[in-house]
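Comments concern the structure below.
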Amino acid sequence: MAFWTYILLCADGRYYTGHTDHLERRIAQHQHGGFCDFTSRRRPVTLVWSQDFATRVEALETERRIKSWSRAKKEGLIRGDWQMVSHFAKPPHERPDLTVSFEEHTPSPFVPSEVEGREAGRQRVSTSLDTNGGESLASLPKDEGAVK
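Count along the sequence shown from 1, add 172, and you get the number used in the working numbering.
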C-alpha cells in the first residue's frame, strides 16, 4: 500500500498540504467540500504536487516538514527547482543575493495615459528646493526666488 503527501493550490492562491493512503479519493473529498474546513472554503482546489511513500510515518513526517516551509520554498518543490528549495532552506542572512523569479513578467496592457489621464507621464515631482506648487525656482522673478 502506498501513502501520499500532497499539496493543493486553492482558489484563493493558498496552498494546503496533507497526506493520505488514497490520493484520488482524498482529492475528490477536498473538491466536494466535506472533508476539510480549510479547503471547503477555498474551492476549487488543484493538485500541484504529490509524492508516494512506503509508510504512513514517512508521508506524515514529510507533510509536517512541508507545512513548516515558506511559500517560496513550497513553490520550488512544486516546480522541481531544487536550487530554489536549497536557497530558501537557508536562513535569510545566509542566503546569497539571488533574484528569484516566481512568475514570468507580463507587460501591462495599459498605457499610463489611458489609466491616469493624458498628463500622467509628464507630472512634476516636487523637491525640497521646489516648493512653489509645481513652479520651478527658475521661473519665478529673481527677487521671489532669492534666499534672504
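Glycine included, every Cβ here is placed at the ideal spot set by N, Cα and C.
Note that the structure is a prediction, hence the values are computed from the model and not measured.
Please state whether the Cβ-Cβ distance between residue i and residue j is less than 8 angstroms.
i    : j    : result
L180 : L232 : no
F175 : T227 : yes
Distance check for residue j and residue i, CA to CA, integer angstroms please.
i    : j    : result
T223 : Y178 : In the sequence as displayed, the identity of residue 223 is Gln instead of Thr. Near 7 angstroms, if we compare the C-alpha coordinates of Y178 and Q223.
T189 : V229 : 15 angstroms
Y187 : W221 : 10 angstroms
I250 : V257 : 10 angstroms
E247 : L195 : 20 angstroms
P268 : G205 : 42 angstroms
G289 : P264 : Residue confidence is low: G289 scores 47 on pLDDT, short of 50, so the model does not pin down where it sits. Its coordinate-derived value is still stated next. Cα to Cα, G289 sits roughly 42 angstroms from P264.
E266 : Q255 : 15 angstroms
Q201 : F207 : 5 angstroms
Taking residue i as the reference, which of the options has the closest Cα?
i    : options                : result
Q217 : H194, Q203, S258, K262 : Before going further, note that residue 217 is Val rather than Gln in the sequence given. Comparing Cα-Cα distances from V217 to each of H194, Q203, S258, K262, the minimum goes to Q203.
S242 : A261, M173, F225, Q201 : A261
G185 : E196, A244, M173       : A244
C182 : D193, F225, R197, D209 : D209
Between which two residues does the alpha helix (DSSP H) harbouring residue i extend?
i    : result
D184 : Counting along the chain, D184 falls outside any alpha helix (DSSP H), and DSSP gives it neither H nor E.
H194 : No alpha helix (DSSP H) holds H194; DSSP gives it neither H nor E.
G248 : 243-251
A261 : 254-261
F207 : Looking at the DSSP string, F207 is not in any alpha helix (DSSP H), and its letter there is neither H nor E.
What are the boundary residues of the beta strand (DSSP E) that includes residue i?
i    : result
T227 : It is not in any beta strand (DSSP E) - T227 carries neither H nor E in the DSSP assignment.
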